[in-house]
Amino acid sequence: MPPNPANQRADVYLRNSIKRLSKHLDAAIAELPGAPGVHAVRVSARRLRSVLRQFEDHLPPGMRRTQERLRDLAAGFSALRDLDVLLGNLERWSKKLEAETLAPLVARLVGRRESLVTKAGKALKQWQTSGGREELEHLTRPGNWPEAAQVTMGEIAPEIVHRAYEGFARAVRRARRKATLKRYHKLRIRGKRLRYVLTALPGLFDSQATPVLKGLVAVQDAFGEYLDANNAAQVLGGEKRRRGLKPETRGAIDKLIERCNRHSDKHLKKMPGLLERLDPQQWEGFMASVRGGSV
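For the sequence shown, the numbering used here assigns the number 108 to the initial residue and increments by one for each residue that follows.
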């Protein structure tokens with residue numbers, strides 16, 4: 108039987124976790140500038156930043172600077188990722204509309220993508236030349252770890268998870284009391300933090316976390332669909348106002364905007380129901396097992 112990760116020393120476990128997540132980031136960078144690589148870079152950078160942030164008290168000093176570099180890296184790819192989502196949708200939707208009619212719009216968006224690839228490339232170069240990668244690599248080697256990391260993961264992980272859960276639970280309660288876009292945004296952010304913490308701790312809470320994460324992921328996905336569709340409608344509206352498009356292309360853009368608005372409304376209306384399905388008893392049971400050291 109493999110050793111229980113809860114009994115593993117924190118510095119050893121966290122070094123391995125950071126090494127694994129760093130490899131994911133390197134693999135994502137190798138896929139650039141394709142859309143899958145763009146998405147993977149953002150996710151990988153955010154997951155790494157989450158680990159450095161949540162376990163900051165148990166890491167060597169100076170990691171806040173690395174957190175900021177990872178934040179800037181992820182942010183540098185945000186606009187490119189949003190445009191890739193729109194281009195992917197256009198590829199599917201063009202089968203139901205005249206592809207020829209949409210061709211001028213697609214050409215403009217592809218041109219915009221080239222510009223955003225250049226911008227994202229600057230964020231990547233900044234990451235590669237600022238020492239962030241070297242700092243992560245330094246973390247994966249023994250030495251210079253604080254005394255706070257010379258304890259087992261079973262001693263520190265429950266508190267970290269509990270802290271992330273409390274932030275998420277507060278956001279859920281507020282969104283249930285009053286459904287606003289601002290509160291849904293906060294809920295999605297808090298949910299991501301909790302999700303990133305749990306997925307960064309393989310072997311510790313896997314079996315207990317899987318059922319409760321399903322509801323959290325459903326909430327995140329629904330609001331993410333709303334945001335993507337809303338952003339797409341704004342981009343399309345901006346393209347329609349530009350000069351040089353034929354009337355038939357403008358008409359096709361109007362149809363696309365209507366489709367985006369329907370899609371965003373549909374997913375926004377799902378939110379109250381999805382929040383109600385987040386079973387408090389199930390979550391409390393999970394957190395009780397975490398606090399009790401049932402790992």
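Built from N, CA and C at the ideal position, the CB exists for glycine as well. Just so we're clear, the structure is a prediction, and the values are computed from it rather than from any experiment.
Check Ser401 in the structure and name its three-state DSSP category. Indexing the sequence shown from 1 puts residue 401 at position 294. With a pLDDT of only 49 at Ser401, under the threshold of 50, the placement of this residue in the model should not be trusted; the figure read from the coordinates follows. In the structure shown, Ser401 sits in coil (DSSP, three-state: anything other than H, G, I, E or B).
Counting C-beta neighbours from all protein chains within 10 Å, is the total for Ser222 16 or more, i.e. buried, or is it exposed? By 1-based counting over the sequence shown, the position of residue 222 is 115. With fewer than 16 other Cβ atoms within 10 Å, it is exposed.
Once you ignore the five residues that flank Glu355 on each side, which residues in its own chain have a CB closer than 7 Å to its CB? As a first step, residue 355 must be located in the sequence shown, where it is residue number 248. The answer, listed in chain order, is Thr208.
Report back the beta-carbon spacing between Glu346 and Ile360 to the nearest angstrom; my notes put them in contact at under 8 Å. Here residue 346 refers to the residue found at position 239 when the sequence shown is read from its first residue. Here residue 360 refers to the residue found at position 253 when the sequence shown is read from its first residue. Indeed, because the Cβ distance is near 7 Å, the residues count as touching under 8 Å.
Simplified DSSP assignment, three categories, for Thr247: As a position in the sequence shown, residue 247 is number 140, starting the count at 1. If DSSP states are grouped into helix, strand and coil, Thr247 belongs with coil.
Three-state class that DSSP yields for Thr259 in the structure shown: Here residue 259 corresponds to residue number 152 of the sequence shown, with the count starting at 1. It is a strand residue.
Taking the alpha carbon of Asp386 as the point to measure from, which residue in Gly322, His146, Leu311 and Glu241 has its own alpha carbon closest? One-based indexing of the sequence shown puts residue 386 at position 279. Closest in C-alpha terms to Asp386, from the list Gly322, His146, Leu311 and Glu241, comes Gly322.
Closer than 8 Å is the cut-off here; do at least three beta carbon pairs connect the region 244-262 with the region 143-158? no
Distance check for His131 and Ser151, CA to CA, integer angstroms please. Sequence index remark: in the sequence shown, residue 151 carries index 44 (1-based). Sequence index remark: in the sequence shown, residue 131 carries index 24 (1-based). If you take the alpha carbons of Ser151 and His131, they lie about 6 Å apart.
With contact counted as at least three CB pairs below 8 Å, one residue from each stretch, are the region 296-307 and the region 260-276 in contact? By the C-beta criterion, the region 296-307 is judged to be in contact with the region 260-276, since at least 3 inter-stretch pairs fall below 8 Å.
Please state whether the Cβ-Cβ distance between Leu177 and Leu155 is less than 8 Å. Position 70 of the sequence shown, counted from the first residue, corresponds to residue 177. Position 48 of the sequence shown, counted from the first residue, corresponds to residue 155. Taking 8 Å as the Cβ cut-off, Leu177 and Leu155 qualify as a contacting pair.
If you count every other CB in all the chains shown that lies within 10 Å of the CB of Ser314, and 16 or more means buried, which is it? Start at 1 with the first residue of the sequence shown, and residue 314 comes out as number 207. Looking at its Cβ environment, which holds fewer than 16 other Cβ atoms inside 10 Å, Ser314 is exposed.
With DSSP collapsed to three states, give me the class of Arg281. Position 174 of the sequence shown, counting from 1, holds the residue named residue 281. In the structure shown, Arg281 sits in a helix (DSSP, three-state: H, G or I).
In three-state terms, what does DSSP make of Arg116? If you number the sequence shown from 1, residue 116 lands on position 9. Three-state DSSP puts Arg116 in a strand.
According to DSSP, is Thr287 helix, strand or coil? Numbered from its first residue, the sequence shown carries residue 287 at position 180. Thr287: coil per DSSP, three-state reduction.
Within 10 angstroms of the Cβ of Pro112, are there 16 or more other Cβ atoms? Answer buried if so, exposed if not. Here residue 112 refers to the residue found at position 5 of the sequence shown. Flag for Pro112 reads buried.
What's the C-alpha gap between Pro253 and His165? As a position in the sequence shown, residue 253 is number 146, starting the count at 1. As a position in the sequence shown, residue 165 is number 58, starting the count at 1. If you take the alpha carbons of Pro253 and His165, they lie about 6 Å apart.
Beta carbon of Arg116 nearer than 8 Å to that of Thr259: In the sequence shown, residue 116 corresponds to position 9, counting from 1. In the sequence shown, residue 259 corresponds to position 152, counting from 1. Yes, Cβ-Cβ distance for Arg116 and Thr259 is below 8 Å.
Should Gln161 be labelled buried (16 or more other beta-carbon atoms within 10 Å of its own) or exposed? To locate residue 161, count along the sequence shown from 1; it is residue 54. Gln161 should be labelled buried.
DSSP on Phe330, reduced to helix/strand/coil? Here the question's residue 330 lines up with position 223 in the sequence shown. In this structure, Phe330 counts as helix in the three-state DSSP scheme.
CB-CB length for Leu216 against Leu190, believed under 8 Å: By 1-based counting over the sequence shown, the position of residue 216 is 109. By 1-based counting over the sequence shown, the position of residue 190 is 83. Indeed, because the Cβ distance is near 7 Å, the residues count as touching under 8 Å.
Among Gly310, Ser237 and Pro318, the one whose alpha carbon lies nearest that of Glu175: Residue 175 sits at position 68 when you count from the first residue of the sequence shown. The option with the nearest alpha carbon to Glu175 is Ser237.
Inter-residue spacing [alpha-carbon to alpha-carbon] between Cys367 and Ala340: Counting from 1 along the sequence shown, the entry for residue 367 is found at position 260. Counting from 1 along the sequence shown, the entry for residue 340 is found at position 233. Each residue's Cα considered, the two are about 6 Å apart.
Per-residue DSSP class, three states only, for Ser201: In the sequence shown, the residue the question calls residue 201 occupies position 94. In the structure shown, Ser201 sits in coil (DSSP, three-state: anything other than H, G, I, E or B).
Leu305 versus Glu266 - alpha carbon distance: To locate residue 305, count along the sequence shown from 1; it is residue 198. To locate residue 266, count along the sequence shown from 1; it is residue 159. Whole-angstrom Cα-Cα distance: 12 Å.
When you compare each of Ser396, Phe184 and Met378 to Trp234 by their alpha carbons, which one comes out closest? Position 127 of the sequence shown holds residue 234. Residue Phe184 is the option with its Cα nearest to Trp234.
Check each candidate in His370, Leu301, Trp390 and Val324 and name the one with the smallest Cα separation from Leu158. The residue given as residue 158 occupies position 51 in the sequence shown. Strictly speaking, residue 158 in this sequence is Val, with Leu absent from that position. Selected option, being the one with the closest Cα: Leu301.
So, under 8 Å CB-CB, Val319 and Gln389 are touching, yes? Tell me the CB distance rounded to an integer number of Å. Within the sequence shown, the letter at position 212 stands for residue 319. Within the sequence shown, the letter at position 282 stands for residue 389. Indeed they touch by this definition, with Cβ atoms about 6 Å apart.
Going by CA-CA distance only, name the one from Tyr303, Leu288 and Leu308 that's closest to Leu334. Reading the sequence shown from its first residue, position 227 is the one you call residue 334. When each option's Cα is compared against that of Leu334, the closest is Leu288.
Closer than 6 Å by C-beta to Val192: which residues in its own chain qualify, once you throw out the five before and the five after it? Chain order, please. In the sequence shown, the residue the question calls residue 192 occupies position 85. Excluding positions up to five away in sequence, the list reads Asp335.
Please name the residue in Ala278, Leu187, Arg281 and Arg369 whose C-alpha comes closest to that of Thr225. Taking the sequence shown and counting its residues from 1, the one referred to as residue 225 is at position 118. Per the Cα distances, Leu187.
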